[in-house]
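A short worksheet on the structure shown next.
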Amino acid sequence: MPTATALKKCPNLILLPVNMALYKSVSAQIHEIFHRYTDVIEALSLDEAYLDVTECERYFGSATWIAQAIRNDIFNELHLTASAGVAPLKFLAKITSDQNKPNGQCVITPDDVQNFVKNLPLAKIPGVGKVTNEKLKQLGFETCGDIQQAEKAVIYRAFGKFGQRLWDFSHGIDERAVEPYRERKSLAVENTLLHDISTLEQAEKIVADLFDKLVFRLQRNWGDTPLTEFKKLGIKLKFDDFSQTTLERTTDGFAYERFGELLQQIFTRRKERKVRLIGLSVHFPEKKVNKQLNLWE
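The opening residue of the sequence shown carries number 1 in UniProt numbering; numbering runs sequentially from there.
If you want it as structure tokens, here you go:
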């Protein structure tokens, strides 16, 4: 939960100071443990990563035993619990990592994929939020098995570009590889709206909430970088016809007012269309553009 939201709900909340140096130090130690088993690591944040252990020969190459060994090492050496999802596809590994929290793991073997996916609620698929899930229900889709019975054109027509990923995941298809050296140059937050909007005042309220979330994400993973250093800002609108437009500007510093100015400019492009999604983004300063494996440096 973003700090600003927490303070609104509990004005007397006592906040402890962020210790980013400690978080990064512990994250580095965890990644040292990862590297005992594989160098194919895609860090998502300080406390989450994908590991490809295909070439690991330890524990007879069993991904299940390797995951258990990694979790044991983390607990024995750092006194921290860790959860793991073991699966042949990235999106399934992500889903299963949440199955047995805290301090557990869930395994899906290649032979189990089709049965698991068939009964998987669509709400579990990464990218399916409350709004998308509600639309899926209105169309009669609640599980991946329901999507498997549908015409591909129906899914594409209803969900645009995201329909491709929805279709693939629902059929147990995910060809994305673990990317150890992928650079992350920006961070974005989005909100697909439960009801389309058409006024600037409505959009301003949504941007305010998104700004709080963006600040939370930045402080969580890049807390040692002053917010004033993030100067290249962006905003995105998606309309009810599924077309979208973006606007980026290099500003004098990261501030809600700057996003407000971008919103006023981009909102003129709406014409008569209604807005169904709003997103905010920020580009990292050049000196902070690090490879995923070096988030803790």
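Ideal placement from N, C-alpha and C gives every residue a C-beta, glycine not left out.
Element boundaries [beta strand (DSSP E), containing residue i]
i: residue 234; result: 232-239
i: residue 96; result: Segment 90-97 is the alpha helix (DSSP H) holding residue 96; no beta strand (DSSP E) there.
i: residue 106; result: 105-107
i: residue 42; result: 41-45
i: residue 249; result: 244-250
Length of the line joining the Cα atoms of residue i and residue j
i: residue 59; j: residue 68; result: 10 Å
i: residue 152; j: residue 116; result: 21 Å
i: residue 62; j: residue 148; result: 31 Å
i: residue 19; j: residue 87; result: 33 Å
i: residue 262; j: residue 92; result: 37 Å
i: residue 299; j: residue 16; result: Residue numbering for the chain in the displayed model covers 1 to 297; residue 299 lies beyond these limits and cannot be assessed.
i: residue 231; j: residue 154; result: 41 Å
i: residue 282; j: residue 247; result: 11 Å
i: residue 12; j: residue 6; result: 10 Å
i: residue 259; j: residue 207; result: 8 Å
i: residue 265; j: residue 240; result: 19 Å
i: residue 201; j: residue 272; result: 16 Å
CA nearest to the CA of residue i, picked from the options
i: residue 70; options: 199, 49, 136; result: 49
i: residue 95; options: 112, 230, 13, 124; result: 124
i: residue 101; options: 170, 12, 82; result: 82
i: residue 211; options: 234, 14, 74; result: 234
i: residue 225; options: 57, 284, 23; result: 284
i: residue 163; options: 145, 132, 137; result: 132
i: residue 205; options: 179, 35, 277; result: 277
i: residue 177; options: 197, 25, 21, 54; result: 54
Below-8 Å beta-carbon distance, residue i vs any chain C residue
i: residue 39; result: Given the protein chain composition of this structure (a single chain), no chain C is represented.
Nearest-angstrom Cβ-Cβ length linking residue i and residue j, presumed shorter than 8 Å
i: residue 221; j: residue 46; result: 6 Å
i: residue 329; j: residue 23; result: With the chain covering 1 to 297 only, the question about residue 329 has no answer from this structure.
i: residue 250; j: residue 237; result: 20 Å between Cβ atoms; not a contact.
i: residue 122; j: residue 143; result: 6 Å
i: residue 168; j: residue 275; result: Going by Cβ atoms, the distance from residue 168 to residue 275 rounds to 28 Å, so no, they are not a contact pair.
Bounding residues of the alpha helix (DSSP H) (the contiguous stretch that carries residue i)
i: residue 158; result: 152-159
i: residue 23; result: 20-34
i: residue 163; result: 162-170
Q) Pairing CB atoms from the segment 190-200 with CB atoms from the segment 248-257, are three or more of them under 8 Å? A) Too few Cβ pairs lie closer than 8 Å, so no.
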